[in-house]
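Below you'll find the structure, written out as structure tokens, and then a few comments.
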Amino acid sequence: MAVTTGARSAAPNLVLQGICWAVAAAMFHSLVPVAVRWLSAKFPAIEIVFLRNLLGFLFLITLYTGRGLTALRTRRISIHIQRSLSNFVGMWMWFYAIGVMPIGKALALHFTTPLWAALLAVLILRERPGPTRWIANAAGFIGVTGVSVTGAGQF
């Protein structure tokens, strides 16, 4: 009979825990467009963004209440502000699009996020992607275009 150490026996539990968190996150992420679409009938996108961020803020405050705010301290506050502003503007645009577009097309366009990230990594971070990444991005672009273009069901 093999004796397992604490570290080895804990690894499968961590993997299972990670899988559970990933599945739960996917389920909750899939509720966001539905909730935003439902709320868009009654509220403008900016108010929905405010509500979403308020709920997130309240969650984080409760999370850090016992731990203290020192974990949030940073030396690069300007980068955090830039990231927060771009996230805010992107969320506002995304929530507006969900409210005014067919939800399927809005979600298809949302799937272009990795394509934009790859392009911006080249332009801003000066990354040099290999042919595999370019092929994957081209395939992703073709896929999103096929779903987004009116009459794409004819393919």
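Residue numbers (the numbering used here): 29 to 183.
We treat Cβ as the ideally placed atom computed from N, Cα and C, and that holds for glycine.
Note that the coordinates shown come from a computational prediction; the quantities given were computed from them, not determined experimentally.
query, result
"Contact under 7 angstroms by Cβ, residue 172 with residue 123", "no"
"Endpoints, the alpha helix (DSSP H) within which residue 142 is located", "141-151"
"Local conformation of residue 78 per DSSP, three classes", "helix"
"Euclidean distance between Cα positions of residue 84 and residue 166", "35 angstroms"
"Among 160, 42, 76 and 49, the one whose alpha carbon lies nearest that of residue 62", "76"
"Per-residue DSSP class, three states only, for residue 130", "coil"
"Residue range of the alpha helix (DSSP H) that includes residue 173", "159-176"
"Cβ pair residue 68, residue 127 closer than 7 angstroms", "yes"
"Cα-Cα separation between residue 142 and residue 117, rounded to whole angstroms", "18 angstroms"
"Cβ-Cβ separation, residue 74 to residue 120 (assumed contact under 8 angstroms), whole Å", "6 angstroms"
"DSSP three-state assignment for residue 40, whether helix, strand or coil", "helix"
"7 angstroms CB neighbourhood of residue 163 in its chain, flanking five on each side removed", "none"
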